[in-house]
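Asks: Numbering (the UniProt record's numbering), first residue to last: 1 to 199.
We put the CB at the ideal spot given by N, CA and C, even for glycine.
Here you go, one structure.
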Amino acid sequence: MERMKEEMEQEQQRRMEETRLKKQLLEEERQRREEEVERKRQAEKAAQEHSRQQQEEQRRKILEMQKKKQQEEKERAEAEKRRQKEKELRLEEERRRLAEMAEEQRLEYEKKKREEEEKARQEAEERRKRHEEAARIALEEAKRHALLLARHIIFVSTLHLEEDQITLYDTLTQNLQLTLFAQQIFSELPVFKECVTQV
Numbered sequence: 001m002e003r004m005k006e007e008m009e010q011e012q013q014r015r016m017e018e019t020r021l022k023k024q025l026l027e028e029e030r031q032r033r034e035e036e037v038e039r040k041r042q043a044e045k046a047a048q049e050h051s052r053q054q055q056e057e058q059r060r061k062i063l064e065m066q067k068k069k070q071q072e073e074k075e076r077a078e079a080e081k082r083r084q085k086e087k088e089l090r091l092e093e094e095r096r097r098l099a100e101m102a103e104e105q106r107l108e109y110e111k112k113k114r115e116e117e118e119k120a121r122q123e124a125e126e127r128r129k130r131h132e133e134a135a136r137i138a139l140e141e142a143k144r145h146a147l148l149l150a151r152h153i154i155f156v157s158t159l160h161l162e163e164d165q166i167t168l169y170d171t172l173t174q175n176l177q178l179t180l181f182a183q184q185i186f187s188e189l190p191v192f193k194e195c196v197t198q199v
């Protein structure tokens, strides 16, 4: 009888322990799910915050660029306004001086001014002609070197090339490439383009 009673008590304790363990497992599972939901919520919140910060940063940069552009346009407009004002003041001052001059002085002043302008124009024209002539000569020289090198390379290529001749051939080829490259660069300049059409 005592043994039966003891077995019943043990069975009851075992069931109670099983029930307690089940409750504990269920509680742990509930907590795990809640923590997982919280982690996802925090991750979504962090992603949204990051996206918001990026959008805010982009808006800030755009506003800064717009502000900078507006400031530059304002400064350019103010600078142009100052230049126009200075020009008007210079013209006004010149008109005032001319009005104060005697007729003979005015004519002498205008003559001197025309002579200075003509001298400056002639000097500019001479500089332009010198530059064009120098460009034309340089372009002709580059063409001449390219032609000579091409002819020499063709001649060398028909020979039985020894080791030193191969080195010479390679050097000439490199020089030809450099000459043609220089010619190409020269021909891209406006003054050289004009000379090319003349040559």
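(1) If the criterion is Cβ atoms closer than 9 Å, does the pair leucine 98 and arginine 106 meet it?
(2) Can you have a look at leucine 21 and say buried or exposed, based on whether 16 or more other CB atoms are within 10 angstroms of its CB?
(3) What is the rounded straight-line gap between the Cα of glutamate 133 and the Cα of arginine 83?
(4) Note down the Cα distance separating arginine 32 from arginine 59, rounded to an integer number of angstroms.
(5) Look at the alpha carbon of tyrosine 109 and the alpha carbon of alanine 120, and state the distance between them as a whole number of angstroms.
(6) Could you tell me the alpha carbon to alpha carbon distance between methionine 4 and arginine 30, rounded to whole angstroms?
(7) When you compare only the Cα positions, how much space is there between arginine 52 and lysine 61?
(8) Can you give the Cα-Cα distance for glutamine 10 and threonine 19, rounded to whole angstroms?
(9) At the level of alpha carbons, what is the spacing between isoleucine 137 and arginine 128?
Replies: Let me lay it out:
(1) Walking along the sequence shown from the start, residue 98 turns up at place 98. Walking along the sequence shown from the start, residue 106 turns up at place 106. Their beta carbons are under 9 Å apart, which means leucine 98 touches arginine 106 by this criterion.
(2) As a first step, residue 21 is located in the sequence shown; it is residue number 21 there, counting from the start. Exposed, since its Cβ has fewer than 16 Cβ neighbours within 10 Å.
(3) For the purposes of this step, residue 133 is identified with residue 133 of the sequence shown, where counting begins at 1. For the purposes of this step, residue 83 is identified with residue 83 of the sequence shown, where counting begins at 1. Going from the Cα of glutamate 133 to the Cα of arginine 83 covers about 37 Å.
(4) The residue labelled residue 32 in the question sits at position 32 within the sequence shown. The residue labelled residue 59 in the question sits at position 59 within the sequence shown. The alpha-carbon atoms of arginine 32 and arginine 59 are separated by roughly 40 Å.
(5) Taking the sequence shown and counting its residues from 1, the one referred to as residue 109 is at position 109. Taking the sequence shown and counting its residues from 1, the one referred to as residue 120 is at position 120. Cα-Cα distance, rounded: 17 Å.
(6) Against the sequence shown, residue 4 aligns to sequence position 4. Against the sequence shown, residue 30 aligns to sequence position 30. Spanning the two alpha carbons is a distance of roughly 39 Å.
(7) Along the sequence shown, read from residue 1 onward, the residue named residue 52 stands at position 52. Along the sequence shown, read from residue 1 onward, the residue named residue 61 stands at position 61. Those two C-alpha atoms are separated by around 14 Å.
(8) Reading the sequence shown from its first residue, position 10 is the one you call residue 10. Reading the sequence shown from its first residue, position 19 is the one you call residue 19. Looking at the two C-alpha atoms, the distance is approximately 14 Å.
(9) For the purposes of this step, residue 137 is identified with residue 137 of the sequence shown, where counting begins at 1. For the purposes of this step, residue 128 is identified with residue 128 of the sequence shown, where counting begins at 1. Distance between the alpha carbons of isoleucine 137 and arginine 128: 14 Å.
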